[in-house]
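Visitor: Protein sequences, first through last, are from chains A and B.
Okay, so the first sequence: first residue is 1 according to the working numbering, each after it adds one.
Okay, so the second sequence: first residue is 1001 according to the working numbering, each after it adds one.
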Amino acid sequence: MKKRKSDLTFLEKVVRNRVLLFMCLPAVIFFFMFNYMPLPGIYVAFVKYNYRDGIFGSKFIGLDNFKFLATSGQLWTLTKNTILYNLAFIILGNMLAVFVAILLNEMQSKWFKKVSQTILFLPYFISQVLVGLLVFNLLNYDTGFVNGILSSLGMERWQPYSDPNVWPVLMVVIYLWQQTGYNSVVYFASIMGIDGEMMEAAKVDGANGFQRIRYIILPSLKPTIVILLLFALGGIVKGNFGLFYNIVGSNPILYPTTDIIETFVYRSTVQSFNFSTASAVGFYQSVVGFVIVMTVNYIVKKIEPDYSLF
Amino acid sequence: MKRKLAAVLLATSMVAGLTACGGSDAPAADDGTVADEDAAADEGTTADEGTAADEGAAAADSGDPWADVDTSEHVVITYMTTGDTPSGTKEKYDEMMAKLNEILTEKVNAELDINFISWTDYLSNYNLTLARMDGTVDLVGTASDWLDAWPNAKNGAFLELSEDMLKKYAPKTWESIPAENWELCKYNGEIYLMPEDNYAQWVNHGFTYRLDWAKEAGLENGVHSWEDLTTYFRYVKETYPDIIPWDSDGTQYATMVGGWISSHSNYVAIDGINSGAMWGGTKDDLYTVYSPYMTDTDSLVEFAKMMKEWDEIGVWQTDVLNNTAATNRDDYRVGKVAAEQHHTQTWTDLVSKTPANTIYQDDADAASGFFWFGEEAKNLTALSITHGAMAISAGSANPERALMVYDLLRNDPECYKLFCYGVEGVSYEITDDGLRTTPEGYNQDTDNINGTTNYWWGRNDDLEIRDASRDWDTIDALYAEYDGLKIEYPYGQFVAEVDAIQAQIQNINQIHEQYMKQIAFGKYAGTAEEIVAEYQAALEGAGINDVTAELQRQFDGLYK
Chain A
1 MKKRKSDLTF LEKVVRNRVL LFMCLPAVIF FFMFNYMPLP GIYVAFVKYN YRDGIFGSKF
61 IGLDNFKFLA TSGQLWTLTK NTILYNLAFI ILGNMLAVFV AILLNEMQSK WFKKVSQTIL
121 FLPYFISQVL VGLLVFNLLN YDTGFVNGIL SSLGMERWQP YSDPNVWPVL MVVIYLWQQT
181 GYNSVVYFAS IMGIDGEMME AAKVDGANGF QRIRYIILPS LKPTIVILLL FALGGIVKGN
241 FGLFYNIVGS NPILYPTTDI IETFVYRSTV QSFNFSTASA VGFYQSVVGF VIVMTVNYIV
301 KKIEPDYSLF
Chain B
1001 MKRKLAAVLL ATSMVAGLTA CGGSDAPAAD DGTVADEDAA ADEGTTADEG TAADEGAAAA
1061 DSGDPWADVD TSEHVVITYM TTGDTPSGTK EKYDEMMAKL NEILTEKVNA ELDINFISWT
1121 DYLSNYNLTL ARMDGTVDLV GTASDWLDAW PNAKNGAFLE LSEDMLKKYA PKTWESIPAE
1181 NWELCKYNGE IYLMPEDNYA QWVNHGFTYR LDWAKEAGLE NGVHSWEDLT TYFRYVKETY
1241 PDIIPWDSDG TQYATMVGGW ISSHSNYVAI DGINSGAMWG GTKDDLYTVY SPYMTDTDSL
1301 VEFAKMMKEW DEIGVWQTDV LNNTAATNRD DYRVGKVAAE QHHTQTWTDL VSKTPANTIY
1361 QDDADAASGF FWFGEEAKNL TALSITHGAM AISAGSANPE RALMVYDLLR NDPECYKLFC
1421 YGVEGVSYEI TDDGLRTTPE GYNQDTDNIN GTTNYWWGRN DDLEIRDASR DWDTIDALYA
1481 EYDGLKIEYP YGQFVAEVDA IQAQIQNINQ IHEQYMKQIA FGKYAGTAEE IVAEYQAALE
1541 GAGINDVTAE LQRQFDGLYK
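1) Does the beta-carbon distance from B/Gly-1222 to B/Ala-1214 come in below 8 Å?
2) Taking the alpha carbon of A/Trp-76 as the point to measure from, which residue in A/Ile-119, A/Asn-65, A/Ser-127 and A/Asp-259 has its own alpha carbon closest?
3) Provide the residue span of the beta strand (DSSP E) that contains B/Ser-1368, from first to last.
4) Could you name the residues that DSSP lists as bridge partners for B/Leu-1112?
5) For the beta strand (DSSP E) containing B/Gln-1341, name the first residue and the last one.
6) Within a Cβ cutoff of 6 Å, which residues of the same chain sit near A/Val-300, ignoring the five residues on either side of it in sequence?
7) If we ignore side chains and look at the alpha-carbon of each, how far apart do B/Glu-1196 and B/Ser-1384 end up?
8) Can you name the start and end residues of the alpha helix (DSSP H) that A/Val-129 belongs to?
9) Using the Cα positions of A/Asn-165 and A/Thr-257, report the straight-line distance between them to the nearest angstrom.
10) Counting Cβ pairs closer than 8 Å, one from the region 1485-1503 of chain B and one from the region 1381-1395 of chain B, do we hit at least three?
11) Output the residue ranges of the alpha helix (DSSP H) runs that lie fully inside the region 174-245 of chain A and measure 4 residues or longer, sorted by chain position.
12) For a contact defined as C-beta to C-beta under 7 Å, what are the partners of B/Ala-1157 on chain A?
13) Against chain A, with Cβ distances strictly below 8 Å, would B/Asp-1499 count as a contact?
14) Mapping the DSSP letters down to three states, classify B/Ala-1389 as helix, strand or coil.
15) Would B/Thr-1078 count as contacting chain A if we go by Cβ distances under 8 Å?
16) Are B/Asn-1322 and A/Asn-251 close, meaning C-beta to C-beta below 8 Å?
17) Where do the ends of the alpha helix (DSSP H) carrying B/Val-1498 lie?
18) Can you confirm whether B/Thr-1318, when its beta carbon is compared against all beta carbons of chain A, has any partner nearer than 8 Å?
19) Which residue comes first and which comes last in the alpha helix (DSSP H) that contains A/Val-15?
20) Would B/Thr-1381 and B/Val-1498 qualify as a contact pair, given that the criterion is a beta-carbon distance under 8 Å?
21) Note down, in chain order, each residue of its chain lying with its Cβ closer than 6 Å to the Cβ of B/Tyr-1524, except the 5 sequence neighbours on either side.
22) Using a Cβ-Cβ cut-off of 8 Å (strictly less than) and excluding sequence neighbours within five positions of A/Gly-234, which residues of its own chain qualify?
23) How is the beta strand (DSSP E) around B/Phe-1207 delimited, first residue to last?
24) In terms of alpha-carbon separation, which member of B/Ala-1067, B/Ile-1077 and B/Val-1069 lies closest to B/Leu-1409?
25) Using a C-beta to C-beta distance shorter than 8 Å, which residues of chain B count as neighbours of A/Asp-142?
26) I'd like to know whether the C-beta of B/Thr-1324 is nearer than 8 Å to at least one C-beta of chain A.
27) What residue does the alpha helix (DSSP H) around B/Val-1140 start on, and which one ends it?
28) Which whole-angstrom value describes the C-beta separation of B/Ser-1262 and B/Gly-1369, a residue pair presumed to lie in contact below a C-beta threshold of 8 Å?
29) Around the C-beta of B/Met-1307, are 16 or more other C-beta atoms found within 10 angstroms, so that it is buried, or is it exposed?
30) Buried or exposed for A/Ser-152, going by 16 or more other Cβ atoms inside 10 Å?
31) Just confirm the distance between the C-beta atoms of A/Val-129 and B/Ser-1124, as a whole number of angstroms; I'd bet it's less than 8 Å.
32) Going by beta carbon distance, what residues of the same chain come within less than 7 Å of B/Thr-1548, once the five residues before and after it are set aside?
33) DSSP has B/Arg-1436 in a bridge; who is on the other side?
34) Roughly how many angstroms lie between the CA atoms of B/Thr-1282 and B/Gly-1259, to the nearest whole one?
35) Going by beta carbon distance, what residues of the same chain come within less than 8 Å of B/Ala-1059, once the five residues before and after it are set aside?
36) For A/Ile-213, would you say it is in contact with chain B, using Cβ-to-Cβ distances shorter than 8 Å as the test?
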């Protein structure tokens, strides 16, 4: 089968797969319009942008726009913070999502399943701004809910906004609270797609619930997990600005553990409105992201060629 | 094979999506800017050719300065200002705009629309709107010190206003502004701004405080130094435990330290380089550039210590740095806080027994004093005339008509009063002494227009009507004191070229925020000496000395 296919010319292949290709078309057009057509705009990262001259008419200044990031002396800390947070988000997020999806799948009562899915899903729709306010009202020292309870129990008040060390945990918890419901949907859907006969066969063979999860569901989810991980890794240098900015705000006490590339760049450039430096930073993040995707994909390919992207 | 092909496509598009994110806002901003600008410039020069004979004849005898301008097409002129869209007063606002537009239509066949850039992230949104250059805005309220007037002029956002254009389309404005003031609105020999140069106001910052409480605290003459403030805050915190002395938010750090420095030195800051105004000269030696943030180490250490003391007193809330929802000024009006840090203009409101300031109704003894930054060193610089100015967007399709509308808003008494105070008899009334008061049945929450159109770019003392509710005796006394001490803003002609030092300035901004926030709210770990040393080392690492040297070089070019 493989051999025969590779003998075909490109045109023959196109004709043979016309229906599939036709179905791809909307996505291809979408990506072309929104991801490929703006690509030349990257050039703005290399010019001194002037509103009237436009991107390609503005003066070319080479790598000057990258200078501020490189000379800040913070590039390493920022990249490290960004990547570590994203790693925690990706790994814990996916693990929890798989776990939740399996739990949902095992639930017998349909009503209970729907209700819990909805409740899990709900935080996803709350704007980050509100999440930030919510967290502040829970945790702040003078009037926060948590501190209200602590002091009424006669315990010492807690000062999270003056303690950088608690934030890595807090950020991850907040992220998981917000995203797990959404992330679990994909896994839940692929569990739904597992052949029912396999499950029944396992049942007949006497496999209990845990064994079915261990030997059927998890292996069936593996390709989905790997692909989602690979996708997520591409964005690993892109920080979640909304989350960090709204929750940490610009409280410099917390910067050592919460400052990511986005928030740093925002603070540095918000005063000097500048498309070019912003694009330069975006470009830097994309290049690093590209390198990471390629590397990880290469590793995956070595280990399990079937699961690699390309 | 097919799967592989699809996967490659998918992966590349994903990576491309990532890269495009950074650059994608730029192409959108770019479309058709060049064409627009050309068209605008053309119109500027050719408009007088089509003298529209019939209209000219009709209007000639009324002394209309624009008799020979073709205004046959009705246009909408959009004026962009920072501030929030009126909500409670919406009805009266609409009514006022309808009346104003009637007049504008009659006089120049145009109507005005206001594009409010709300205060949340105003600077980014303001600049983004300007960058669109698609004719979204015509008149742009701007400022050289707080709204990026010069960077925008350099970026090509503003239209060059030729003398002929100004004479023709904004004749009254042209005449009323003296030549030396026009000089201060030029960059590279071109006029970009129309300054608000005939409006007395003081926007030097300081603390408005409760004079009655200061007296209780033993400060008989009120607060006249930072040390007095410490005494005052300590007293308030001890005596009125329910009151937060000053419910600040974290953004006030730059004004605080700036105020401290002008109170303890002869520093005169250069506007518009960064929001910290970290470079300048001294009163005795105006044209030698330095940064007090690097040189005045002892003073900064003292500042850090005092702010730590304030923090321990409990002047502000413990989580002040995360406090973004402070409503301190309104809280001051109703007596929930004991101080407000803002400029003199705000104090003139807070000191007056207006209906909104209920502290004066609740407590007959209540009074407000003002401790201005610089008082101790008698260091006061008058406002630059481009603290408020109007520019024309280079993307405007109707720059001539925009100028005509501005000329009316600035100089025509009828338009001015409507725009600044609303409809007479509804939103204001004029007393027998010629002061402005509120009519019977007036409700501040629904009827007020004054201050809601945010017209800070063309107010005119010839047409201003003083507000009867303001405490003018007190205010005039302070103004007189100021006038005796002030020096004029010395750097009006200086527009810094920052391209070569942009990276340094960006990093300095970041460092200033990161460290000064901790210093100014006493939230640093370790000693005051250590944090100031760390701050200065970071500034030096970011290249603050290069910036100083570069500014000196540019100063030498201009002033020597």
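Cβ atoms here follow ideal geometry from the backbone N, Cα and C, with glycine treated the same way.
Only a predicted model underlies this, so the values are computations on that prediction, with no experimental measurement involved.
Guide: In short:
1) On the second sequence, residue 1222 of chain B is found 222 positions in, with the first residue counted as 1. On the second sequence, residue 1214 of chain B is found 214 positions in, with the first residue counted as 1. Contact flag set, yes.
2) Residue 76 of chain A sits at position 76 when you count from the first residue of the first sequence. Comparing Cα-Cα distances from A/Trp-76 to each of A/Ile-119, A/Asn-65, A/Ser-127 and A/Asp-259, the minimum goes to A/Asp-259.
3) The count along the second sequence starts at 1 and reaches residue 1368 of chain B at position 368. Counting along the chain, the beta strand (DSSP E) containing B/Ser-1368 begins and ends at 1368-1372.
4) Counted from its first residue, the second sequence places residue 1112 of chain B at position 112. DSSP output for B/Leu-1112 lists B/Ile-1077 as bridge partner(s).
5) Along the second sequence, read from residue 1 onward, the residue named residue 1341 of chain B stands at position 341. Looking at the DSSP string, the run of the beta strand (DSSP E) that includes B/Gln-1341 is 1339-1343.
6) Residue numbering aside, residue 300 of chain A sits at position 300 when the first sequence is read from its first letter. The residues are Tyr-307 and Ser-308.
7) Taking the second sequence and counting its residues from 1, the one referred to as residue 1196 of chain B is at position 196. Taking the second sequence and counting its residues from 1, the one referred to as residue 1384 of chain B is at position 384. Rounded to the nearest angstrom, the two C-alpha atoms are 10 Å apart.
8) Here residue 129 of chain A refers to the residue found at position 129 when the first sequence is read from its first residue. Note, A/Val-129: alpha helix (DSSP H), 128-139.
9) Locating residue 165 of chain A in the first sequence gives position 165, counting from the first residue. Locating residue 257 of chain A in the first sequence gives position 257, counting from the first residue. If you take the alpha carbons of A/Asn-165 and A/Thr-257, they lie about 7 Å apart.
10) yes
11) 196-204, 209-212 and 218-234
12) Stepping through the second sequence from its first residue, residue 1157 of chain B is reached at position 157. Under the 7 Å cutoff, chain A gives Tyr-51.
13) Counting from 1 along the second sequence, the entry for residue 1499 of chain B is found at position 499. Cβ-Cβ to chain A under 8 Å: yes for B/Asp-1499.
14) Taking the second sequence and counting its residues from 1, the one referred to as residue 1389 of chain B is at position 389. Reduced to three states, the DSSP call for B/Ala-1389 is strand.
15) Counting from 1 along the second sequence, the entry for residue 1078 of chain B is found at position 78. No, its Cβ sits nowhere closer than 8 Å to a Cβ of chain A.
16) Start at 1 with the first residue of the second sequence, and residue 1322 of chain B comes out as number 322. Start at 1 with the first residue of the first sequence, and residue 251 of chain A comes out as number 251. It is a contact, given that the beta carbons lie within the stated cut-off.
17) As a working note, residue 1498 of chain B is residue 498 in the second sequence. No alpha helix (DSSP H) contains B/Val-1498, which DSSP labels as neither H nor E.
18) For this step, residue 1318 of chain B is matched to residue 318 along the second sequence. Taking Cβ atoms only, chain A reaches closer than 8 Å to B/Thr-1318, which makes this a yes.
19) Numbered from 1 along the first sequence, position 15 holds the residue referred to as residue 15 of chain A. First-last of the alpha helix (DSSP H) with A/Val-15: 10-16.
20) Taking the second sequence and counting its residues from 1, the one referred to as residue 1381 of chain B is at position 381. Taking the second sequence and counting its residues from 1, the one referred to as residue 1498 of chain B is at position 498. The answer is no: Cβ separation not under 8 Å.
21) Taking the second sequence and counting its residues from 1, the one referred to as residue 1524 of chain B is at position 524. So the list reads Gln-1518 and Ile-1531, once near-sequence residues are dropped.
22) Against the first sequence, residue 234 of chain A aligns to sequence position 234. Counting only Cβ-Cβ distances below 8 Å, and skipping sequence neighbours, we find Gly-289, Phe-290, Ile-292 and Val-293.
23) Within the second sequence, numbered from 1, the residue matching residue 1207 of chain B stands at position 207. Unbroken beta strand (DSSP E) run through B/Phe-1207: 1205-1210.
24) As a first step, residue 1409 of chain B is located in the second sequence; it is residue number 409 there, counting from the start. With distances taken between Cα atoms, B/Leu-1409 lies closest to B/Ile-1077.
25) Numbered from its first residue, the first sequence carries residue 142 of chain A at position 142. Within chain B, the residues near A/Asp-142 are Gln-1317, Thr-1318 and Asp-1319.
26) To locate residue 1324 of chain B, count along the second sequence from 1; it is residue 324. It does; some Cβ of chain A falls within 8 Å.
27) For the purposes of this step, residue 1140 of chain B is taken as the residue at position 140 of the second sequence. Where B/Val-1140 is concerned, there is no enclosing alpha helix (DSSP H), although the beta strand (DSSP E) it sits in stretches over 1139-1142.
28) On the second sequence, position 262 is the one that residue 1262 of chain B refers to. On the second sequence, position 369 is the one that residue 1369 of chain B refers to. B/Ser-1262 to B/Gly-1369, Cβ: 19 Å. No contact.
29) As a working mapping, residue 1307 of chain B is identified with position 307 in the second sequence. So B/Met-1307 counts as buried.
30) For this step, residue 152 of chain A is matched to residue 152 along the first sequence. Exposed.
31) Here residue 129 of chain A corresponds to residue number 129 of the first sequence, with the count starting at 1. Here residue 1124 of chain B corresponds to residue number 124 of the second sequence, with the count starting at 1. A/Val-129 to B/Ser-1124, Cβ: 15 Å. No contact.
32) Position 548 of the second sequence, counting from 1, holds the residue named residue 1548 of chain B. Excluding residues within five positions, the ones whose Cβ falls inside 7 Å are Trp-1279, Val-1289, Tyr-1290 and Ser-1291.
33) The residue you call residue 1436 of chain B lines up with position 436 of the second sequence. Partner(s): B/Ile-1430 and B/Asp-1467.
34) Counting from 1 along the second sequence, the entry for residue 1282 of chain B is found at position 282. Counting from 1 along the second sequence, the entry for residue 1259 of chain B is found at position 259. Whole-angstrom Cα-Cα distance: 15 Å.
35) Against the second sequence, residue 1059 of chain B aligns to sequence position 59. Low confidence applies here, because B/Ala-1059 scores a pLDDT of 41, under 50, leaving its location unreliable and the question unanswered by this model.
36) To locate residue 213 of chain A, count along the first sequence from 1; it is residue 213. Cβ-Cβ to chain B under 8 Å: no for A/Ile-213.
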